[in-house]
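Q:
In the working numbering, the protein residues as written are 8 to 288.
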């Protein structure tokens, strides 16, 4: 057991899965949930994602040595700042947010002495929302990025948080915040925008002719628009850079198609296939 008690703030899909995994794998002796909605807390208790819960942030974090913030990305920094005065010395904060640099910067020098934020991003989840879709194996064999801070975060606490995510089943990768945000702009944020674009140009009356390809490409477009708008805004510069590269790539495809360049089209498609094949199944 790594922690006697942890608190999860935001017991939706990711927060619920953290609780289910922590309890199933013995990573925490007791799991407390904090959420603004009492019905959400009751549901999480009934599902076994948390032992108990509260809508009072100060009460919920008071006795935990690890606080995992799983709110939308645009609320993570404010939640940590609000909770920090109420935790015990030595408490660590981590999170499930999909952007990192803005949060790390927002918290720099603002936490009490002996309280630290070790940023993390579990690369797991789905287009669904709510603890009812959470799973104890959500993080099994999935990468969780743990951020190495340039602001002097204690290395032992970073290691402890990394071990927590490993205890949930993750493979931990260490990166700095800026590298993380540039990478996920291409591997996560751009694909969501592309999926939404493909879905957005498709008339609903044509869906009866859609098959596996359309479903595969557009699956993530079913995600929460409010949540994803916040992610795009939080990682705007890196997403714009990824979008520029994608636009250039599509422009190349258009030129090849307009020119009737069969060999060029085959090469263009082959380059994409090589990357996809490298991913595996």
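The C-beta atom is built at its ideal place from N, Cα and C for all residues, glycine as well.
If you're wondering where the values come from, they're calculated on a predicted model, not measured in any experiment.
Looking only at C-alpha atoms, which of 263, 133 and 261 sits nearest to residue 24?
A: In the chain shown, the residue the question calls residue 24 occupies position 17. Ranking 263, 133 and 261 by Cα distance to residue 24 puts 133 first.
Q: Hey, would you say residue 111 sits closer than 8 Å to residue 56, going by beta carbons?
A: Locating residue 111 in the chain shown gives position 104, where the first residue counts as 1. Locating residue 56 in the chain shown gives position 49, where the first residue counts as 1. Against a cut-off of 8 Å, the Cβ pair of residue 56 and residue 111 comes out as no contact.
Q: On a CA-only basis, which of 227, 233 and 216 is nearest residue 79? Give me that one, please.
A: Reading the chain shown from its first residue, position 72 is the one you call residue 79. Considering only alpha carbons, the answer is 233.
Q: Roughly how many angstroms lie between the CA atoms of residue 225 and residue 207, to the nearest whole one?
A: Working through the chain shown from its first residue, we reach residue 225 at position 218. Working through the chain shown from its first residue, we reach residue 207 at position 200. Taking the straight line joining both Cα atoms gives about 10 Å.
Q: Answer yes if the segment 124-140 comes into contact with the segment 11-29, meaning at least three C-beta pairs across the two stretches below 8 Å, and no otherwise.
A: Counting Cβ pairs under 8 Å, three or more are found: they touch.
Q: Secondary structure at residue 168, three-state DSSP: helix, strand or coil?
A: Start at 1 with the first residue of the chain shown, and residue 168 comes out as number 161. Residue 168: helix per DSSP, three-state reduction.
Q: For the segment 18-46, list the alpha helix (DSSP H) runs that are entirely contained and at least 4 residues long, ordered along the chain.
A: Segments of the alpha helix (DSSP H) lying fully in the segment 18-46: 20-32.
Q: Checking contacts by CB at 8 Å: is residue 287 closer than that to chain B?
A: The structure shown contains no chain B, having only a single protein chain.
Q: Span of the alpha helix (DSSP H) holding residue 125?
A: Along the chain shown, one-based indexing puts residue 125 at 118. First-last for residue 125: undefined, no H or E at that position.
Q: Compute the distance between the beta-carbons of residue 71 and residue 47, then report whether it is under 8 Å.
A: The residue labelled residue 71 in the question sits at position 64 within the chain shown. The residue labelled residue 47 in the question sits at position 40 within the chain shown. No. Outside cutoff.
Q: Evaluate contact between the segment 148-158 and the segment 25-43, counting only Cβ atoms and requiring at least three cross-stretch pairs below 8 Å.
A: Contact between the segment 148-158 and the segment 25-43 is absent, because fewer than three Cβ pairs lie under 8 Å.
Q: Taking DSSP's pairing of strands, which residues face residue 151 in a bridge?
A: As a first step, residue 151 is located in the chain shown; it is residue number 144 there, counting from the start. Note: residue 151 sits in a beta bridge opposite 129 and 179.
Q: In terms of residues, what are the limits of the beta strand (DSSP E) holding residue 260?
A: Within the chain shown, numbered from 1, the residue matching residue 260 stands at position 253. Counting along the chain, residue 260 falls outside any beta strand (DSSP E), though it belongs to the alpha helix (DSSP H) covering 243-266.
Q: For residue 78, which of helix, strand or coil comes out of DSSP?
A: The sequence position of residue 78 within the chain shown is 71, counting from 1. Here residue 78 sits in coil by DSSP.
Q: For residue 223, count neighbouring Cβ atoms within 10 angstroms of its own Cβ and tell me buried if that reaches 16, exposed if not.
A: Numbered from its first residue, the chain shown carries residue 223 at position 216. Residue 223 should be labelled exposed.
Q: Jot down the residue ranges of each uninterrupted alpha helix (DSSP H) in the segment 219-244, minimum 4 residues, whole runs only, in chain order.
A: Qualifying alpha helix (DSSP H) stretches, in chain order: 219-225 and 232-241.
Q: Which value, in whole angstroms, describes the spacing of the CA atoms of residue 123 and residue 220?
A: As a working mapping, residue 123 is identified with position 116 in the chain shown. As a working mapping, residue 220 is identified with position 213 in the chain shown. Taking the straight line from one Cα to the other gives about 44 Å.
Q: Are residue 258 and residue 197 closer than 8 Å when you measure CB to CB?
A: As a position in the chain shown, residue 258 is number 251, starting the count at 1. As a position in the chain shown, residue 197 is number 190, starting the count at 1. No. Outside cutoff.
Q: Does residue 110 come out as helix, strand or coil in the three-state DSSP assignment?
A: On the chain shown, position 103 is the one that residue 110 refers to. Residue state, collapsed to three classes: helix.
Q: Which of helix, strand or coil does DSSP assign to residue 288?
A: In the chain shown, the residue the question calls residue 288 occupies position 281. Residue state, collapsed to three classes: coil.
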